[in-house]
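Student: Those sequence lines, one after another, are chains A and S.
Heads up, the first sequence is in my numbering, so the first residue is -8 and it goes up one at a time.
Heads up, the second sequence is in my numbering, so the first residue is 11 and it goes up one at a time.
Backbone N, C-alpha and C define an ideal beta-carbon position, used for all residues, glycine too.
Predicted, not measured: the structure shown is a model, and the values here were computed from it.
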Amino acid sequence: MREIMAVVYREYLVRITGLTWMFFDLAVPLLYLLMFGVAFDRALGQGMNVGGQAISYNAFFLAGVLSMTCFGNALNTSYGFFIDRDNGILFEFLTYPITRGQFLLGKILFQCVMTVLQSMLTISVSALLLGVSVPWHLIPFVLAAMIVGTAAWFFFLSIFAFLIRRNDTFNMVINVLYFVLMFLSSVFYPLDKVPTWLRTVAMANPLSWHADFLRFLTLGVGDLHSILMEAAGFLLFLFASFWIAIRALQKTL
Amino acid sequence: MDTTPAIELNALVKVFAKRNQRAIRAVDGLSFQVPKGSIFGLLGPNGAGKTTIIRILTTLLTPSAGEARVMGYDVVQNPLAVRRQICVVLQENAIELHLSVQNSFRVFGRFHGLSRDEIQRRADRVSELFGLSEYLNEKGMDLSGGLKRRVQVAKTFLIDKPVVFLDEATTGMDTFNKRATIQAIKEESLKGRTIVLTTHVLDEAEVLCDSIAIMNHGKLVAQGSVDSVKAYGLRMMSLSMSLATVSPSTLDLIQTYQPIRIDVKNTTLDVTVKDDTAALAILAAVRQQTEVRHFEITTASLEDVFVQLLDKKVSAT
């Protein structure tokens, strides 16, 4: 544990040197909810029907924003590997008395703390300003799901950060991934009424599994059996990404 | 008594193979041992394979064949145990851009299990030793190249790991800091730490190292104590002459004795020859041509031997 906490300490020191960065980290999900969410909510007028329940777009989009938060945080943290590699410090870290797995876990642990803060802020604002009915007793589960989501996407995106040498190539790949994963998922819209091909692809997207699970916790929508299957799939995605990321980290050298 | 060497390489091979490119054999069947508590220099021209060996020994790379051990631990079987025994200055300028020098020390100390008070105490000592006291609050991104290197080297003296790897550690340092680094390396060695260094500055190796290995194209060319490696040059001598004038005919005359190296600086000639007879013969011949104002005959430097060994591409092991 000492080794992991050493990585967390380093991440903390690096992050507190950029308070603006930290502010935007906390504020971005909120801005998504307040701008994108509110605009769509008004545009749709009467709200929407999801799984037989009439709900506002703001309520529907809350789970999507939380999923996006995990993805965005993971993306920022994995991008940090480029900075560390360019400085040469990444290679020095890898000669420290710590396993590759501990190094990755330490990197994401600090970010998970940020994710929890972001989530609490976003959920509170959606309840207080947008009138979203939040099941507060389920919030610990929501936060746990947020931590798992951040870690899974971090391990997944780290694989690309380790295997791609060029910064610009990484940015391009991530932009494509971001676009495809976000819009071919249940983050922004329910999948019941979309074309079959799109629904099929979206249902194979781990971002949908994560968003659906969060939506189940925050709105109670979805079939329990399907949700559990998606949750299991997402955990599998987490462990597989972690395993591959450790190997990719060794390969980056 | 524990006779385990600090470093042990057995028929070590590292091949870099890229798709559609010819495979490069960076390390080609290398074997040697480094005893505990000694200063060992790994020398060779660019691309000789020195950094690849350091990267294998520090668990950054895995060997293609053969084995490498640090303090008895295999780098492939037990990389974490190896990393618990070492600290490293890599060839790259590794620096925390966003952290102050003080915080870089804190992070490094934490990773190596030091308490906050212990880090502070040791950081004060190494900051003074490497002239970093006035830069403790500066961020890495604001430091010059030489200062970044100093921070990197200073960190390794913050902790007490038994084996220290220094890959071109003094590159970019001014004379004063080079001296401080060399002094610190000597002191650490006296405390029983094993220092493995690579350098292009052969004078530095000559002053510091108990033993050296000269590599070329991934292979060992010579290995042993500095004196024994210099003996590979047999009776090579260095003749330094200050002449009244240096004419082309003087140089032609010296060439007839097939010198290993000639350096001309104004009216001073430095000639390396294969033995003392050749040195005396050149001196006598030159005196027939021009006035020799001053001369000195010494045994050849490590650099002379290095050049000759690599030039002949012989295996002197």
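Answer with buried or exposed for S/Leu238, where buried requires no fewer than 16 other C-beta atoms within 10 angstroms of its C-beta.
Tutor: For clarity, residue 238 of chain S is Ser in the given sequence; the question names Leu instead. By the neighbour-count rule (16 or more Cβ atoms within 10 Å), S/Ser238 is not buried but exposed.
Student: Chain S partners of A/Val107, CB-CB under 9 Å?
Tutor: Per Cβ cutoff of 9 Å: no residues; A/Val107 is ~23 Å from chain S at best.
Student: Is the CB of S/Asn56 under 7 Å away from at least one CB in chain A?
Tutor: Not one chain A Cβ lies under 7 Å of S/Asn56.
Student: What does DSSP give as the partner residue(s) for S/His304 in the beta ladder?
Tutor: In the DSSP output, where bridge partners are listed per residue, S/His304 has S/Ser252.
Student: Can you tell which of S/Ala104, S/Asn88, S/Asp127 has the C-alpha that lies nearest to the C-alpha of A/Thr90?
Tutor: Here the closest residue by C-alpha is S/Asn88.
Student: Kindly list the residues whose CB is nearer than 6 Å to the CB of S/Leu176, restricted to its own chain and excluding five residues on each side of it in sequence; keep chain order.
Tutor: Correct list, in chain order: Val99, Leu207.
Student: What number of angstroms, rounded off, separates the C-alpha of S/Phe50 from the C-alpha of S/Thr72?
Tutor: For S/Phe50 and S/Thr72, the distance between alpha carbons rounds to 22 Å.
Student: Is there a Cβ of chain S sitting closer than 7 Å to that of A/Asn40, yes or no?
Tutor: Not an interface residue.
Student: Can you round the beta-carbon distance between A/Arg190 and A/Ala54 to whole angstroms, since I take them to be within the 8 Å contact cut?
Tutor: 18 Å between Cβ atoms; not a contact.
Student: Going by alpha carbons, who is nearest to A/Tyr0 out of S/Ala33, S/Gly119, S/Asn103?
Tutor: The candidate whose alpha carbon is nearest that of A/Tyr0 is S/Gly119.
Student: If I measure Cβ to Cβ from S/Ser41 and keep anything under 6 Å in the same chain, skipping five residues before and after, which residues do I get?
Tutor: Correct list, in chain order: Leu19, Asn20, Ala21.
Student: Suppose you measure from the CA of S/Ala326 to the CA of S/Thr287; what does that come to, to the nearest Å?
Tutor: In this predicted model, S/Ala326 has a pLDDT of only 35, less than 50, meaning its place in the structure is not dependable enough to derive any value.
Student: So, are the CB atoms of A/Gln102 and A/Thr68 less than 7 Å apart?
Tutor: In contact: A/Gln102 and A/Thr68 (Cβ atoms closer than 7 Å).
Student: Is A/Leu85 close to chain S, meaning its C-beta is less than 7 Å from at least one C-beta of that chain?
Tutor: At least one chain S Cβ lies under 7 Å of A/Leu85.
Student: When you compare the CB of S/Val98 with every CB in chain A, is at least one pair closer than 7 Å?
Tutor: Yes, contact with chain A.
Student: How would you write the range of the beta strand (DSSP E) that S/Ile224 sits in, first residue to last?
Tutor: It spans 221 to 226 - the beta strand (DSSP E) in which S/Ile224 sits, taken as one unbroken run.
Student: Residues of the region 121 to 136 of chain S with a CB closer than 8 Å to any CB of chain A: list them in chain order, please.
Tutor: Hits within the stretch, in order: Phe121, His122, Gly123.
Student: Do S/Ala36 and S/Ala331 count as a contact pair if the criterion is CB distance below 7 Å?
Tutor: Nothing about residue 331 of chain S can be read from this structure; chain S reaches only from 11 to 327.
Student: Can you give the Cα-Cα distance for S/Arg303 and S/Ala194, rounded to whole angstroms?
Tutor: For S/Arg303 and S/Ala194, the distance between alpha carbons rounds to 41 Å.
Student: State the DSSP-derived secondary structure class of A/Gly77, mapped to helix, strand or coil.
Tutor: The sequence given here places Asp at residue 77 of chain A; Gly does not occur at that position. Looking at A/Asp77 - three-state DSSP - the assignment turns out to be helix.
Student: Which runs of the beta strand (DSSP E) at least 3 residues long sit entirely within the region 42 to 107 of chain A? Give them in chain order.
Tutor: 44 to 46, all fully within the region 42 to 107 of chain A.
Student: Assuming S/Thr62 is part of the alpha helix (DSSP H), what are its boundary residues?
Tutor: 60 to 67 is the span of the alpha helix (DSSP H), which, as asked, contains S/Thr62.
Student: Using only the alpha-carbon positions, how far apart do A/Leu10 and A/Ala236 sit?
Tutor: A/Leu10 and A/Ala236: Cα-Cα distance of roughly 29 Å.
Student: Let's see if you can read the secondary structure: which residues bound the beta strand (DSSP E) around S/Gln233?
Tutor: Here the beta strand (DSSP E) through S/Gln233 covers 229 to 235.
Student: Is the shortest distance between the beta-carbon of A/Asn78 and the beta-carbons of chain S less than 7 Å?
Tutor: It does; some Cβ of chain S falls within 7 Å.
Student: Using a Cβ-Cβ distance under 7 Å, would A/Thr68 count as near chain S?
Tutor: Chain S contact via Cβ: absent.
Student: Identify, in the order they occur along the chain, each residue of the same chain with its Cβ nearer than 7 Å to the Cβ of S/Leu182, setting aside the five sequence neighbours on each side.
Tutor: Here the sequence assigns Gly to residue 182 of chain S, which means Leu is not the residue at that position. Same-chain partners within the cutoff: Gly155, Gly156, Arg159.
Student: Hey, is the region 53 to 72 of chain S in contact with the region 252 to 260 of chain S, meaning 3+ C-beta pairs nearer than 8 Å?
Tutor: The region 53 to 72 of chain S vs the region 252 to 260 of chain S: no contact.
Student: Is the CB of A/Val(-1) under 7 Å away from at least one CB in chain S?
Tutor: Chain S contact via Cβ: absent.
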